[in-house]
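This report concerns only the one structure given below.
Protein chains: 2
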Amino acid sequence: MDIPNPLGRRTVNLRRQSKRTYGKRAKELVFLLDLLKISGNRGEVLSTTGRLAGLAGMSQQSISLVLRSLASSGFLAKQHSKNGERIFLTSKAYDRIAQELAGVSLPAIRDHLERRELVVTGTLFTGKGEGAYYVSQKEYSRQMHQRLGFVPYPGTMNLRLNGFEDVNKILLLHSLHPIKIEGFTTHERTFGDVFCYDVEIAGGPKIYLVRSERTSYDLTVVELISDVYLRKALRVEDGDTVRFSFFV
Amino acid sequence: MDIPNPLGRRTVNLRRQSKRTYGKRAKELVFLLDLLKISGNRGEVLSTTGRLAGLAGMSQQSISLVLRSLASSGFLAKQHSKNGERIFLTSKAYDRIAQELAGVSLPAIRDHLERRELVVTGTLFTGKGEGAYYVSQKEYSRQMHQRLGFVPYPGTMNLRLNGFEDVNKILLLHSLHPIKIEGFTTHERTFGDVFCYDVEIAGGPKIYLVRSERTSYDLTVVELISDVYLRKALRVEDGDTVRFSFFV
DNA sequence: ATTACTAAGTGACGAGTAT
DNA sequence: TATACTCGTCACTTAGTAA
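Given below as structure tokens:
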């Protein structure tokens with residue numbers, strides 16, 4: 003009791019946990035957010051560590067490490083399957099995200115947005131021909147002619163996005179002014195709504211990014227349409243990098 | 003033209019920018035978010051690097067570095083003043099945040115929240131007596147008696163939060179079920195609404211966290227009230243660490 | 001008081017490789 | 001194929017100190 007701690011403090015300068023905590027917290031949070039986003043807010047992702055590595059711009063080893071670390075912290079559950087891992091966000095992950103995002107006001111952010119061009123980069127690949135099937139539907143084609151100003155070439159150009167930042171930009175695009183093509187029903191089946199977004203390729207023909215309401219959601223893939231055969235017009239082939247842009 | 007690149011790719015495996023990009027992106031984003039949050043979404047913070055260091059759990063030097071790096075990337079503007087720096091988020095920062103948050107659905111997150119206890123840690127300090135002034139107002143006191151079940155001791159216990167994570171938790175608390183104490187007007191001045199949040203201290207008396215609608219917003223400080231003199235009841239003094247909790 | 005530079009320590013990252 | 005381990009490297013952090 004004599005000569006107590008000179009400042010009368012019980013806990014002096016309570017040093018935060020360990021070192022490098024902030025970077026760790028940040029990486030954890032952003033990774034969880036990225037997973038949530040590419041899952042389309044469903045909180046369930048089926049992917050390989052290699053693929054995630056590509057998106058994150060990290061090595062496969064590091065992704066493996068990150069996933070295991072997040073899993074052991076209880077933020078996610080993994081299920082090993084032969085072609086990748088199935089990853090589930092736990093409610094602890096949602097808690098974490100909710101905590102971090104609690105104080106940010108989305109409207110306040112929107113108020114400060116500047117109009118500017120966002121550039122997205124993707125790698126061209128050949129899809130399963132679904133795009134062509136859809137775009138060829140007379141009713142879609144008719145409405146597109148009316149709303150977009152051209153009859154679409156019967157096929158879409160598929161790009162696989164190269165990083166989470168590109169995925170983010172696409173998600174931002176999704177939140178913007180789409181041109182809605184109404185779904186319809188034939189005697190065979192029902193076709194859902196399709197959303198078209200005004201994007202552009204420097205020096206290329208007029209294009210739109212199309213997104214089907216109910217496509218088997220892979221948010222890391224985008225489809226572009228035009229009135230011409232884009233691969234030819236742009237002289238690109240599978241594996242080539244294609245850049246397009248839009249304004250926020 | 004002969005023997006072209008074997009895979010027919012123009013850009014093979016487009017390696018992401020440089021190394022360690024992800025961690026950097028994450029830290030940048032989270033730091034911007036943290037600044038936005040402690041500014042109460044105003045995008046303007048007046049603080050010293052040392053104080054931010056405390057909140058972030060990093061050294062003063064690192065904060066200095068981070069701030070300069072963010073400034074040179076155009077995410078924020080700094081104004082040096084004799085007692086700290088005034089930091090402004092630029093619209094580029096808002097763009098960045100908007101981009102990252104574009105694809106996350108807040109309702110989807112809330113759906114997955116688990117009910118659990120959040121513990122907040124703060125350091126006791128002596129305020130300017132404003133809390134006492136407010137709580138002593140008859141009208142506040144009367145309403146508190148009615149709504150909270152006790153007549154508040156004429157004084158508040160001020161805690162300075164020790165880290166961004168605690169700030170986040172408080173912001174989450176703010177988004178919850180407050181008990182609203184109506185503002186009123188005397189012949190002298192107008193008193194704004196006050197919000198009370200149900201929190202608890204293990205082994206201590208019933209307490210509420212109070213937040214004035216119009217307090218000179220320092221989100222890193224919280225005020226607690228009870229019907230007794232809390233410093234005595236809890237046997238704590240300036241500089242001591244106090245822990246309280248609430249349920250999400 | 002502040003913020004910022006330098007130098008040194010260490011923890012994160014990825015290449016190689018095992019499974 | 002897939003994920004995960006080892007280990008050398010280097011980028012980030014901080015202590016010390018200058019401004």
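These protein sequences, in sequence, are chains A and B.
Sequential numbering from 3 applies to the first sequence in this note's numbering.
Sequential numbering from 3 applies to the second sequence in this note's numbering.
For each residue, glycine too, the CB sits at the ideal point set by N, CA and C.
Could you confirm whether any beta carbon from chain A is found closer than 9 Å to the beta carbon of residue i?
i: residue 66 (chain B); result: no
i: residue 249 (chain B); result: no
i: residue 14 (chain B); result: Because the pLDDT of residue 14 (chain B) is 30, which lies under 50, any placement of that residue in the model is unreliable, and the number read from its coordinates should be weighed accordingly. Closer than 9 Å: yes.
i: residue 143 (chain B); result: no
i: residue 234 (chain B); result: no
i: residue 25 (chain B); result: yes
i: residue 19 (chain B); result: Confidence in residue 19 (chain B) is poor, its pLDDT being 44 and thus under 50, which makes the residue's placement unreliable; the coordinate value appears in the next sentence. Yes, because at least one Cβ of chain A sits closer than 9 Å to the Cβ of residue 19 (chain B).
i: residue 112 (chain B); result: yes
i: residue 130 (chain B); result: no
i: residue 33 (chain B); result: yes
i: residue 28 (chain B); result: yes
i: residue 197 (chain B); result: no
Could you work out which residue in the options is closest to residue i when comparing CA atoms only?
i: residue 190 (chain A); options: A:139, A:113, A:31; result: A:139
i: residue 227 (chain B); options: B:136, B:215, B:179; result: B:136
i: residue 68 (chain B); options: B:222, B:81, B:56, B:51; result: B:51
i: residue 222 (chain A); options: A:164, A:34, A:75, A:199; result: A:164
i: residue 168 (chain B); options: B:152, B:200, B:120; result: B:120
i: residue 235 (chain A); options: A:241, A:207, A:123; result: A:207
i: residue 155 (chain B); options: B:171, B:176, B:131, B:127; result: B:131
i: residue 41 (chain B); options: A:80, A:128, A:99, A:110; result: A:110
i: residue 48 (chain B); options: B:249, B:84, B:95, B:250; result: B:84
i: residue 245 (chain B); options: B:26, B:239, B:124, B:108; result: B:124
i: residue 145 (chain A); options: A:216, A:185, A:178; result: A:185
Along the beta strand (DSSP E) that carries residue i, what are the first and last residues, could you check?
i: residue 210 (chain A); result: 209-214
i: residue 159 (chain A); result: 159-163
i: residue 66 (chain A); result: That residue, residue 66 (chain A), is in no beta strand (DSSP E); its alpha helix (DSSP H) goes 62-74.
i: residue 258 (chain A); result: There is simply no residue 258 (chain A) to check, as chain A begins at 3 and stops at 250 in what is shown.
Would residue i count as contacting chain B if we go by Cβ distances under 9 Å?
i: residue 108 (chain A); result: yes
i: residue 78 (chain A); result: no
i: residue 161 (chain A); result: no
i: residue 9 (chain A); result: Note that residue 9 (chain A) has pLDDT 33, beneath the 50 cutoff, so the model's placement of it is unreliable and the number below is only indicative. Taking Cβ atoms only, chain B reaches closer than 9 Å to residue 9 (chain A), which makes this a yes.
i: residue 4 (chain A); result: Caution is warranted here: a pLDDT of 29 is assigned to residue 4 (chain A), below 50, making its placement in the model unreliable, and the coordinate value is therefore given only provisionally. Cβ-Cβ to chain B under 9 Å: no for residue 4 (chain A).
i: residue 148 (chain A); result: no
i: residue 171 (chain A); result: yes
i: residue 213 (chain A); result: no
i: residue 59 (chain A); result: yes
i: residue 118 (chain A); result: yes
i: residue 225 (chain A); result: no
i: residue 69 (chain A); result: no
i: residue 202 (chain A); result: no
Return the bridge partner residues of residue i from the DSSP annotation.
i: residue 186 (chain A); result: A:193
i: residue 199 (chain A); result: A:211
i: residue 121 (chain A); result: A:247
i: residue 46 (chain A); result: A:90
i: residue 172 (chain A); result: Partner(s): none; residue 172 (chain A) has no beta bridge.
i: residue 181 (chain A); result: A:198
i: residue 152 (chain B); result: Note: residue 152 (chain B) sits in no beta bridge, so no partner.
i: residue 126 (chain B); result: B:161
Determine the extent of the alpha helix (DSSP H) in which residue i is found, giving its start and end residues.
i: residue 227 (chain B); result: Here residue 227 (chain B) belongs to no alpha helix (DSSP H); instead the beta strand (DSSP E) covers 223-227.
i: residue 99 (chain A); result: 93-103
i: residue 23 (chain B); result: 23-40
i: residue 233 (chain A); result: 232-236
i: residue 137 (chain B); result: 132-138
i: residue 55 (chain A); result: 51-58
i: residue 113 (chain B); result: 108-113
Run the proximity test for residue i: is its beta-carbon closer than 8 Å to any non-hydrogen atom belonging to the ligand PLP?
i: residue 52 (chain B); result: Among the components of this structure there are no ligands whatsoever, and the ligand PLP is therefore not found.
Taking a Cβ distance cut-off of 9 Å, strictly less, list which residues of the region 73-106 of chain B are near chain A, in chain order.
Listed in sequence order: 91, 92, 93, 94, 95, 96, 97, 99, 100, 101, 102, 103, 104, 105, 106.
Would you list, in chain order, the members of the region 175-191 of chain A that have their beta-carbon closer than 7 Å to a beta-carbon of chain B?
Look at the region 175-191 of chain A: the residues with a C-beta under 7 Å from a C-beta of chain B are 177.
According to a CB-to-CB cut-off of less than 7 Å, which residues of the region 37-53 of chain B neighbour chain A?
Residues passing the 7 Å Cβ filter: 38, 39, 43, 45.
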